[in-house]
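Trainee: Residue numbers (my numbering), protein chains in the order written: chain X, 1 to 489; chain F, 1001 to 1489; chain U, 2001 to 2489.
Here it is, the structure, as structure tokens.
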Amino acid sequence: MTATTTSGPGARTGAGTGTGWTLHPDRGLPADPVLRSLARQVLEAIQHLPIVSMHGHVDVGLLERDEAFGDPASLLVVPDHYLVRMLVSQGVPHDALGVPRRDGGAVETDPREIWRTFASHWHLFRGTPTRFWLEHVLVEVLGVQDRPSAASADATYDQVATRLAEPGFRPLALLDRLGIEILATTDAADADLGSHAALAARGWSRVVPTFRPDAVLHVDRPTWRTDVARLGERAGIEVTGLPTLLAALEERRRAFVAAGARATDHGHLSADTTPLDPAEADRVVVAALRGEVEPAAAQALSGHLLLEMARMSTEDGLVMQLHPGVLRDHDPRVHVQRGPDVGYDIPVVTEYTRALRPLLERYGHHPRLRLVLFTVDEDAFSRELAPLAGVYPAVRLGAPWWFLDTLDGMRRFREAVTDTAGFFNTTGFVDDTRAFLSIPARHDMARRVDAGYLARLVAEHRLDLDEAVETAVDLAYRLPQAAYPPLLG
Amino acid sequence: MTATTTSGPGARTGAGTGTGWTLHPDRGLPADPVLRSLARQVLEAIQHLPIVSMHGHVDVGLLERDEAFGDPASLLVVPDHYLVRMLVSQGVPHDALGVPRRDGGAVETDPREIWRTFASHWHLFRGTPTRFWLEHVLVEVLGVQDRPSAASADATYDQVATRLAEPGFRPLALLDRLGIEILATTDAADADLGSHAALAARGWSRVVPTFRPDAVLHVDRPTWRTDVARLGERAGIEVTGLPTLLAALEERRRAFVAAGARATDHGHLSADTTPLDPAEADRVVVAALRGEVEPAAAQALSGHLLLEMARMSTEDGLVMQLHPGVLRDHDPRVHVQRGPDVGYDIPVVTEYTRALRPLLERYGHHPRLRLVLFTVDEDAFSRELAPLAGVYPAVRLGAPWWFLDTLDGMRRFREAVTDTAGFFNTTGFVDDTRAFLSIPARHDMARRVDAGYLARLVAEHRLDLDEAVETAVDLAYRLPQAAYPPLLG
Amino acid sequence: MTATTTSGPGARTGAGTGTGWTLHPDRGLPADPVLRSLARQVLEAIQHLPIVSMHGHVDVGLLERDEAFGDPASLLVVPDHYLVRMLVSQGVPHDALGVPRRDGGAVETDPREIWRTFASHWHLFRGTPTRFWLEHVLVEVLGVQDRPSAASADATYDQVATRLAEPGFRPLALLDRLGIEILATTDAADADLGSHAALAARGWSRVVPTFRPDAVLHVDRPTWRTDVARLGERAGIEVTGLPTLLAALEERRRAFVAAGARATDHGHLSADTTPLDPAEADRVVVAALRGEVEPAAAQALSGHLLLEMARMSTEDGLVMQLHPGVLRDHDPRVHVQRGPDVGYDIPVVTEYTRALRPLLERYGHHPRLRLVLFTVDEDAFSRELAPLAGVYPAVRLGAPWWFLDTLDGMRRFREAVTDTAGFFNTTGFVDDTRAFLSIPARHDMARRVDAGYLARLVAEHRLDLDEAVETAVDLAYRLPQAAYPPLLG
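Following this line, the structure appears as structure tokens:
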């Protein structure tokens, strides 16, 4: 096996440099020879299909500027919260990884030093999706020759740096090189969308915005008053209560649709969509505008506004994406010191059956609503998510999210939801990353998982091979396209 | 593989007709050659054992009348909520499937049209148990020659229709043809049991009733007052409060026992069995009789009455089956329009450890109580259900229920509960279907799953092959028999 | 396969005696030939490593006395709650198993009779970890020649009895024979630690105590006032309120550290660590000292005291082990009649993300805190436990606990947590048994599971074989050592 394995011996078993590094073509496929050979046949049919990336977090400005990426560390290490959190969990300080401090305090600034710290801890990533993705980025995208280790750190740093300096590795060139057919970004409700316009003018209309209004739907967020003021300015509507807040949101959604947006995205602590009495909802908004916020009322209002978002989707056709169940910034001191998205978001139990009932009562059969549900609580797969998606025409299941976006997590997802939701009530694979170079790695992993799962159905005579291949193409390409249809022209 | 696969290419890859259609003998067995060969040996020992069907929902009138079944659509499509919900989830209207409207509004009435709609959406069922069951019904029971598709719809319709017209396919003849040794029906507390008496008189005492008092244990159900009045009439006891309600229930249970019943069946939202003060319970019943219902009190009373059901089981010996954790009629508009059981029942988190404590404190060691627990919340398998069944003599675990009655769901059940409950604290396989022709398919699937699971234990040297075969016979036949013993001479 | 299987045909298929009995060397390894061969290579590297047993419940007095064990039944049957609960669940009375009654009522006292009862029910343990462990104890440790059955009961009883009479099977000799490098016992907060001192004086300092203060952290326990009084006496500090309670606990922790303790252990119903206002906490303690206890306040205080335990660990360096989520003594009548630990402890849903937040806010990054989390609620593996352990430096995940300490439970644990926590945020294997002779069986099972899991990663090209072997040694030996570092010298 070792002759054909996917990666090097890690930090603690000696690694030479310049020895070359290739990934095994069967990585991530089932070991059993019968399944392996079937999975290979399925994978061949989908491996090189274009990438439909409808839920990314790449900064649109990066694409508009289209400049060479920075150094290896600031591209691949510092902003990757999967990677940072693992190193931190084993005692590596945020400072040593160059994660900026809000107080301007000193952190490591030498990218080579940061890279060495990462490389010398490579063994921590054994068995993790982070390693599987990084191996794809380093070998398949960047052509790195050596496995990460303390010994090879400088060599790999130089290999990556050289590659990043090449014109073919500028952001827009990479869209082609990586086979990305469409790329959705995530944009605040008050975004000016100028970068998207500029890109479209230059022929890059395949980069589309996504309407993400979380900041203005949660009146208990510290920056809510500023954010809602900016929303009003951008919309040309002064927000004085619920009606003007809704009007401003509708106005901005129109602007997003005009800019090519196909979807909205909502990150809420719970999936609650219980309506409030409009007068009560207005009272909460007005009070919040005065700076008076009751936490319980704020939580209730966010559910009411989520229901309003569904109503607006039935009117403007934007696909509604819901990502509930993550308690953000679990450690308040880290949040104060480093800000959000540094690895301290922790899932909580998430209920869907009762929480979504008000929304589905109203709009579950509405021909213009598409509600895509994501979760980090796999306990809901077979109990709530598949039964809901398996009956309501408006509901689709997104791909396993975040901590479940893994070889085994995606396998468990298919095993748990296919029984009741089938394949066609899922969106196929939807990636979710801010790491641009990692997008193909996410799709590659998902395609391998689906190939392995479909291979098992064939081997157990539950599906024909031709059906499996056709379904694999659906999951990799057709379903994501169909789940996020264009609203323009 | 394709030469030996179980089914055709589905709606979107062309399907010819008259090409013949057979199911692979190894369908549903593990792919690994070592496991496959062991699983075959286990399956051979159980595949043709008689069927003990102790939890069915077949209408007893259908058996008493013993007339030929209707057309293919009204037998296999319209009443099957698994099938209907999947088609609805992909945008097929209930009307097009001929699901009747309560307002008498027009729905599709041409069974051939309904069959075409079903057949042309065959691809939606890829990977689902519905397909696995239907394949068994169509090929093994009805001898259909063509795989369902738009192209073959008329041919398969005619093949099924012809078969259903044969005398050998009348309900009672099918009891023999399908190898059903005993069939339990589900009957309301006020059922007159005349059909069972008539069948017994004709020598069909293998058709036994099951006491299902849900309608009268939930005072918040809209029809409760009518139902409880009918209960009183049938029992010859006017229900004026808790004592008379309990007396009427006891009287009816006696009638069910006399009619050959072996079990009761209880569908509650929660598994709560907390007793109320009898005076308070009486007050709630009396108020409900006046039409005054407080939801919380109604819910509490249903728990109190569940505990009374356990007490009665210790007296009359009826096995107590509990099916908690399903929120019925999730979409109220569909319920108003189409009634219950059209696919909108959605599971919720279900707690057992605390909920069942009052019942188990009182009766968990009672020699005459057998409490069979079912669930659609697989998260409780290893955490609560196996530990409870693994210590209380009164408790047995029923088969994975409803959305979990699948190849992968039943495998996960064995993997999760055997560690702590073993095999002998389960009932073996108990089917749960209103689709008469599908009963053998349910047992066939369960026998394949258990054969595969037991094969793995043998291959991992955790069990001997002779033990595995013996255990397979227990799960398929002996344990279901033992779990529901006859109460009559 | 049968020629090489691990065990006999069980009670109901005839078993001869004196036929010899050996365990298959590959038991518990994956069946697939590719995985089997890789797993063998991994297992070879770890199978004979010394045992680090940091969470045992062996009575230290048994080691100090170092006398021959009693008869086979009182060693292997009566005290084993896994075994007793399974027999009870199938109708064998506690009395027949010799489980003592608190009221002094008569129970079976003939160990041979008890052994016969156990042996004649051997088939109940098919597929359970109890059987897997017992097979190791009987064959590998005690050299029993016959598989348990009614027929072989007397023969196996005599074989075990003879072996137990040999000097080489006295407790201390077994520490060497079983390859136990270090053994932690569990000791109440008021333990005099004399046995540990005596053992150390005789050169057996490898037997270390563990500080288990549950009895004095729960003011609602019936014996709390007695226990806290004894705590005060032992500490030389009269407990009159919260400050003196904390002072006494700190004093006792110092004594435990001096006696070689490396850890504390906490069994709480919930993982809550919410601080109370100190005045309120003091009020609850003072009231409890007067015998006045409010259940809610008692529960809240136990969370407050758990937080104090973490604070003390940051000061004295004792590793903090938390075992939440078990509802003890589910059947109060059995508890009154037989006392605790006879099989009636049932898991409940356990929340970690919010419950541990107060503790982790304060100490999650503290260099001297190590918090080891155990669970019997596997639903929290991927949703809460792995994300917490994957970012907080203080947190490690212990091995799957109790009902999850099984071949399939441990496999599911690795599959669910490795994605986010990796291997190095787990403690490796930590056993948890009061059955001394069973300790090697627990480690043997865990090593087989990890060998199988790592083999799959290699076969799927997610890991190199040399990395897998190195990681296996970490999980079996290095990580448990590192997780519980010595505090002395």
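For each residue, glycine too, the CB sits at the ideal point set by N, CA and C.
#1: How many whole angstroms separate the CB atoms of alanine 455(X) and leucine 35(X), which I take to be in contact at a CB cut-off of 8 Å?
#2: Could you check whether the stretch 85-99 of chain X touches the stretch 462-477 of chain X, counting it as contact only if at least three pairs of C-beta atoms, one from each stretch, sit closer than 8 Å?
#3: Hey, how far is the Cα of alanine 2248(U) from the Cα of alanine 2189(U)?
#4: Chain U beta carbons: is any one of them nearer than 7 Å to that of isoleucine 439(X)?
#5: Quick one: using the 10 Å Cβ neighbour count with 16 as the cut-off for buried, is glycine 291(X) buried or exposed?
#6: First and last residue of the beta strand (DSSP E) that includes aspartate 341(X)?
#7: Compute the beta-carbon to beta-carbon distance between valine 52(X) and glutamate 140(X), rounded to the nearest angstrom, for a pair I have assumed lies under 8 Å.
#8: Apart from the five residues just before and just after glycine 2428(U), which ones in its own chain have a Cβ nearer than 6 Å to its Cβ?
#9: Report buried or exposed for glycine 1028(F), applying the criterion of at least 16 other Cβ atoms within 10 angstroms of its Cβ.
#10: Look up isoleucine 182(X) in the DSSP assignment and give the residues it is bridged to.
#11: Between the stretch 1348-1368 of chain F and the stretch 1124-1143 of chain F, do at least 3 Cβ pairs fall closer than 8 Å?
#12: Candidates Val1208(F), Glu1308(F), Arg1434(F): which alpha carbon is nearest proline 1485(F)'s?
#13: Which complete beta strand (DSSP E) runs does the stretch 2120-2199 of chain U hold, if anything under 3 residues is left out?
#14: What residues in its chain sit with their C-beta under 7 Å from that of threonine 418(X), if we drop five residues either side in the sequence?
#15: If you follow the beta strand (DSSP E) that leucine 1397(F) is in, where does it begin and where does it stop?
#16: Quick one: complete beta strand (DSSP E) runs, 3+ long, within the stretch 13-95 of chain X?
#17: Can you tell me where the beta strand (DSSP E) holding threonine 2264(U) begins and where it ends?
#18: Can you list the beta strand (DSSP E) stretches of 3 or more residues lying completely in the stretch 2275-2339 of chain U, in chain order?
#19: Whose C-beta lies closer than 8 Å to the C-beta of alanine 1407(F) among residues of the same chain, with five residues either side of it excluded?
#20: From the beta carbon of leucine 2488(U), is the nearest beta carbon of chain X less than 7 Å away?
#21: Note down the Cα distance separating leucine 2193(U) from tyrosine 82(X), rounded to an integer number of angstroms.
#22: When the Cα atoms are used, what is the spatial distance from tryptophan 402(X) to alanine 441(X)?
#23: Can you tell me whether DSSP reads alanine 2003(U) as helix, strand or coil?
#24: Under a three-way DSSP split, which group does valine 257(X) fall into?
#25: Could you check whether threonine 420(X) and alanine 394(X) sit closer than 7 Å to each other, using their CB atoms as the reference points?
#26: Using DSSP bridges, identify the partner residues of arginine 1357(F).
#27: To which residues of the same chain is serine 1313(F) closer than 6 Å at the C-beta, ignoring the five residues directly before and after it?
#28: Who does phenylalanine 2436(U) pair with in a DSSP beta bridge?
#29: Note down, in chain order, all residues in the stretch 126-143 of chain X with a beta-carbon under 7 Å from any beta-carbon belonging to chain U.
#30: State the CB to CB distance for the pair aspartate 26(X) and aspartate 2032(U), rounded to an integer number of angstroms; the pair is presumed to be in contact (CB under 8 Å).
#31: At a CB distance below 7 Å, what residues from the stretch 1450-1463 of chain F approach chain U? Give them in sequence order.
#32: Between which residues of its own chain and leucine 1242(F) is the CB-CB distance below 7 Å, once the five residues before and five after are set aside?
#33: Could you tell me which of Arg2333(U), Leu2457(U), Tyr2477(U), Val2376(U) sits nearest to arginine 2102(U), measuring between CA atoms?
#34: Give me the subset of the stretch 2375-2399 of chain U whose CB atoms are less than 8 Å from a CB atom of chain X, sorted by chain position.
#35: Using a 10 Å radius around the Cβ and a threshold of 16 neighbouring Cβ atoms, would you call valine 469(X) buried or exposed?
#36: Between leucine 2087(U) and chain F, is any beta-carbon pair separated by less than 7 Å?
Mentor: Looking at the atomic coordinates:
#1: 5 Å
#2: no
#3: 9 Å
#4: no
#5: exposed
#6: Aspartate 341(X) -> no beta strand (DSSP E), and no H or E assigned at all.
#7: Between glutamate 140(X) and valine 52(X) the Cβ distance is about 19 Å, and since that is not below 8 Å, they are no contact.
#8: Leu2475, Leu2479, Pro2480
#9: buried
#10: Val52(X)
#11: no
#12: Val1208(F)
#13: 2180-2184
#14: none
#15: 1395-1397
#16: 51-53
#17: 2263-2266
#18: 2319-2322
#19: Position check: residue 1407(F) holds leucine in this sequence, whereas alanine was assumed. Excluding residues within five positions, the ones whose Cβ falls inside 8 Å are Gly1028, Pro1129, Phe1132, Met1445, Arg1448, Val1449.
#20: no
#21: 45 Å
#22: 14 Å
#23: Residue placement at alanine 2003(U) cannot be trusted, given a pLDDT of 34 that sits under 50; the coordinates are not used to answer.
#24: helix
#25: no
#26: Bridge partners of arginine 1357(F): none, in fact.
#27: Met1320, Leu1369
#28: Phenylalanine 2436(U) pairs with nothing; no bridge assigned.
#29: Arg126, Gly127, Thr128, Pro129, Phe132
#30: The pair is not a contact, with the Cβ atoms about 15 Å apart (cut-off 8 Å).
#31: Arg1456, Leu1457, Val1458, Ala1459, Glu1460, His1461, Arg1462, Leu1463
#32: Pro1278, Ala1281, Asp1282, Val1285
#33: Arg2333(U)
#34: Asp2379, Ser2382, Arg2383, Glu2384, Ala2386, Pro2387, Leu2388, Ala2389, Gly2390, Val2391, Tyr2392, Pro2393, Val2395
#35: buried
#36: no
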